[in-house]
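Novice: Here you go, one structure.
There are 2 protein chains.
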Amino acid sequence: MEDHSNCTIETALEILVGKWKPIILYSLFTNGTLRFSELQKAIPGITKKMLTAQLRELEYHDIVHRKVYLQIPPKVEYSITEYGQGITPLIQSISEWGQAHVKHLSEIYGDNRILKTETTE
Amino acid sequence: MEDHSNCTIETALEILVGKWKPIILYSLFTNGTLRFSELQKAIPGITKKMLTAQLRELEYHDIVHRKVYLQIPPKVEYSITEYGQGITPLIQSISEWGQAHVKHLSEIYGDNRILKTETTE
DNA sequence: AAACATAGTATCCTTTTGGATACCTTAATA
DNA sequence: TATTAAGGTATCCAAAAGGATACTATGTTT
Numbered sequence: 001m002e003d004h005s006n007c008t009i010e011t012a013l014e015i016l017v018g019k020w021k022p023i024i025l026y027s028l029f030t031n032g033t034l035r036f037s038e039l040q041k042a043i044p045g046i047t048k049k050m051l052t053a054q055l056r057e058l059e060y061h062d063i064v065h066r067k068v069y070l071q072i073p074p075k076v077e078y079s080i081t082e083y084g085q086g087i088t089p090l091i092q093s094i095s096e097w098g099q100a101h102v103k104h105l106s107e108i109y110g111d112n113r114i115l116k117t118e119t120t121e
Numbered sequence: 122m123e124d125h126s127n128c129t130i131e132t133a134l135e136i137l138v139g140k141w142k143p144i145i146l147y148s149l150f151t152n153g154t155l156r157f158s159e160l161q162k163a164i165p166g167i168t169k170k171m172l173t174a175q176l177r178e179l180e181y182h183d184i185v186h187r188k189v190y191l192q193i194p195p196k197v198e199y200s201i202t203e204y205g206q207g208i209t210p211l212i213q214s215i216s217e218w219g220q221a222h223v224k225h226l227s228e229i230y231g232d233n234r235i236l237k238t239e240t241t242e
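In structure tokens:
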């Protein structure tokens with residue numbers, strides 16, 4: 001860690017933080033391209049307002065691309081940008097660490113829903 | 122990314138997210154062990170309430186250790202746990218990606234305070 | 001003429017997060 | 001006896017994030 005790594009960390013976190021960002025990214029990464037309404041269906045419980053807001057933030061960060069078809073009724077497609085693909089290893093790292101951490105927490109505090117992966121004997 | 126990586130990502134993020142967590146961790150990583158009051162001095166602007174709250178969360182996650190000396194006036198020392206040391210590579214990754222991303226954003230939107238690192242010619 | 005489809009906004013409200021300030025404890029000290 | 005030190009809590013308030021609901025635009029279909 002260098003001197004002012006805090007702000008760069010916080011910048012990085014902006015992309016993942018927000019109630020719905022991880023699942024939006026997950027949906028787009030696994031499905032490639034989705035329309036607004038398809039995202040809504042893929043993410044139960046999200047409102048239009050939140051979906052729009054989070055997508056706009058991701059768009060600002062050049063992680064998500066928004067393609068508008070000028071037709072009626074409207075059609076808008078969302079996808080991960082080429083630059084956005086580059087975030088995959090980071091998400092992977094975070095996800096893996098998170099998985100190990102969930103396990104660590106369950107070892108500390110004792111949790112009934114322990115996934116017995118290699119603690120079988 | 123696997124099926125329900127979202128929750129593990131969010132669990133991982135809990136450790137970094139919060140107004141003061143990154144700088145608290147940075148202070149402890151670089152200084153080793155700090156008393157409550159030393160942390161307060163090291164982090165300008167933070168209130169006791171916030172410092173306590175964030176430290177308690179980090180303690181819950183077994184990232185930070187809290188050592189209480191039973192004396193008066195009180196003395197409490199905070200440090201990174203051994204388990205907590207293991208988060209270093211993750212923080213490193215996030216920080217590096219964040220740094221690159223700040224640069225990417227400045228390339229897209231044009232920013233006066235571009236750090237010319239390898240774009241010198 | 002009314003209803004429909006799609007991708008949003010606008011408005012209002014609730015919850016969560018963060019911050020300011022005062023207060024507490026207890027032994028040693030002035 | 002009043003202060004001080006250190007590490008907090010308690011209380012109250014402001015700001016930010018999130019959510020429910022209604023409304024808009026407009027060409028096509030009924």
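Top line first, the protein sequences correspond to chains A and B.
Number 78 in the numbering used here belongs to position 78 of the first sequence; there are no gaps in the numbering.
Here the numbering used here = 1-based position in the second sequence + 121.
Ideal placement from N, C-alpha and C gives every residue a C-beta, glycine not left out.
#1: What does A/V64 pair with, by DSSP beta-bridge criteria?
#2: Does any CB atom of chain A fall closer than 7 Å to the CB of B/P165?
#3: To be precise: take each residue of the stretch 80–106 of chain A, compare its Cβ to all Cβ atoms of chain B, and keep it if any distance is under 9 Å. Which residues remain?
#4: Mind pulling the chain A residues with CB within less than 8 Å of B/T168?
#5: Spatial neighbours of B/A163 within its chain, please: C-beta separation below 6 Å, excluding the five flanking residues on both sides.
#6: Under 6 Å Cβ to Cβ from A/E77, same chain only, skipping five residues before and after it: list those, please.
#7: When the Cα of A/E108 is compared with those of B/Q213, B/K170, B/G219 and B/D183, which residue comes out closest?
#8: So A/V17 contacts chain B; which residues on that side make the cut at Cβ distance below 7 Å?
#9: Could you please give me the residues that DSSP links to B/A196 through a beta bridge?
#10: Along chain B, in chain order, which residues have C-beta atoms closer than 7 Å to that of A/Q10?
#11: Taking 7 Å as the CB-CB cut-off, is B/G231 touching chain A?
#12: Given a cut-off of 7 Å, decide if B/G219 and A/T8 are closer than it, judged by their beta-carbon atoms.
#13: Can you have a look at A/E10 and say buried or exposed, based on whether 16 or more other CB atoms are within 10 angstroms of its CB?
#14: Does the stretch 159–173 of chain B touch the stretch 132–146 of chain B, meaning 3 or more C-beta pairs lie closer than 8 Å?
#15: So what does DSSP say about A/T127, is it helix, strand or coil?
#16: Give me, in chain order, the residues of the same chain whose beta-carbon lies closer than 6 Å to that of B/Y204; leave out the 5 immediate sequence neighbours on both sides.
#17: Does the distance from the CB of B/H186 to the CB of B/T202 come in under 7 Å?
#18: Provide the residue span of the alpha helix (DSSP H) that contains A/I87, from first to last.
#19: Suppose the cutoff is 6 Å on Cβ atoms and the five residues either side in sequence are ignored; what does the same chain contact list for B/Q175 look like?
#20: Less than 7 Å separating the beta-carbons of A/I94 and B/A221?
#21: Excluding the 5 residues preceding and the 5 following A/Y69 in the sequence, name in chain order all residues of the same chain whose CB lies nearer than 8 Å to its CB.
#22: Since A/I15 contacts A/L58 with CB under 8 Å, what's their CB separation in whole angstroms?
#23: Buried or exposed for B/I193, going by 16 or more other Cβ atoms inside 10 Å?
Specialist: The short version:
#1: A/I80, per the DSSP bridge assignment.
#2: At least 7 Å separates the CB of B/P165 from every CB of chain A.
#3: Residues of the stretch 80–106 of chain A whose Cβ lies closer than 9 Å to any Cβ of chain B, in chain order: Y83, G86, I87, T88, P89, L90, I91, Q92, S93, I94, S95, E96, W97, G98, Q99, A100, H101, V102, H104 and L105.
#4: Listed along chain A, no residue sits closer than 8 Å to B/T168 by beta-carbon distance, the nearest being about 18 Å off.
#5: Hits under 6 Å: S148.
#6: If the five residues before and after A/E77 are omitted, its C-beta is found closer than 6 Å to the C-beta atoms of T33, R35 and K67, all from its own chain and listed in chain order.
#7: According to the sequence as given, residue 108 of chain A is Ile; it is not Glu. Among B/Q213, B/K170, B/G219 and B/D183, the Cα nearest to that of A/I108 belongs to B/D183.
#8: Residues of chain B passing the Cβ test: L134 and V138.
#9: The sequence shown places Lys at residue 196 of chain B, rather than the Ala named in the question. According to DSSP, residue pairing for B/K196 in a beta bridge involves B/Y190.
#10: Strictly speaking, residue 10 of chain A in this sequence is Glu, with Gln absent from that position. In chain order: P143.
#11: With 7 Å as the cut-off, B/G231 does not count as an interface residue toward chain A.
#12: The criterion of a C-beta distance shorter than 7 Å is satisfied by A/T8 and B/G219.
#13: Counting Cβ neighbours within 10 Å, A/E10 comes out buried, since at least 16 surround it.
#14: Three or more beta-carbon pairs separated by less than 8 Å link the stretch 132–146 of chain B to the stretch 159–173 of chain B, which places the two stretches in contact.
#15: Limits of chain A in this structure are 1 at one end and 121 at the other, which puts residue 127 of chain A out of reach.
#16: Cβ neighbours of B/Y204 beyond the five flanking positions: D183.
#17: Their beta carbons are under 7 Å apart, which means B/H186 touches B/T202 by this criterion.
#18: No alpha helix (DSSP H) holds A/I87; DSSP gives it neither H nor E.
#19: Excluding residues up to 5 positions away in sequence, G139, W141, K142 and I145 lie with their Cβ nearer than 6 Å to the Cβ of B/Q175 in the same chain.
#20: In this structure, A/I94 lies away from B/A221, with their beta-carbon atoms at least 7 Å apart.
#21: For A/Y69, same chain residues with a beta-carbon under 8 Å away, outside a window of 5 residues either side, are K75, V76 and E77 in chain order.
#22: Confirmed, about 7 Å.
#23: So B/I193 ends up on the exposed side.
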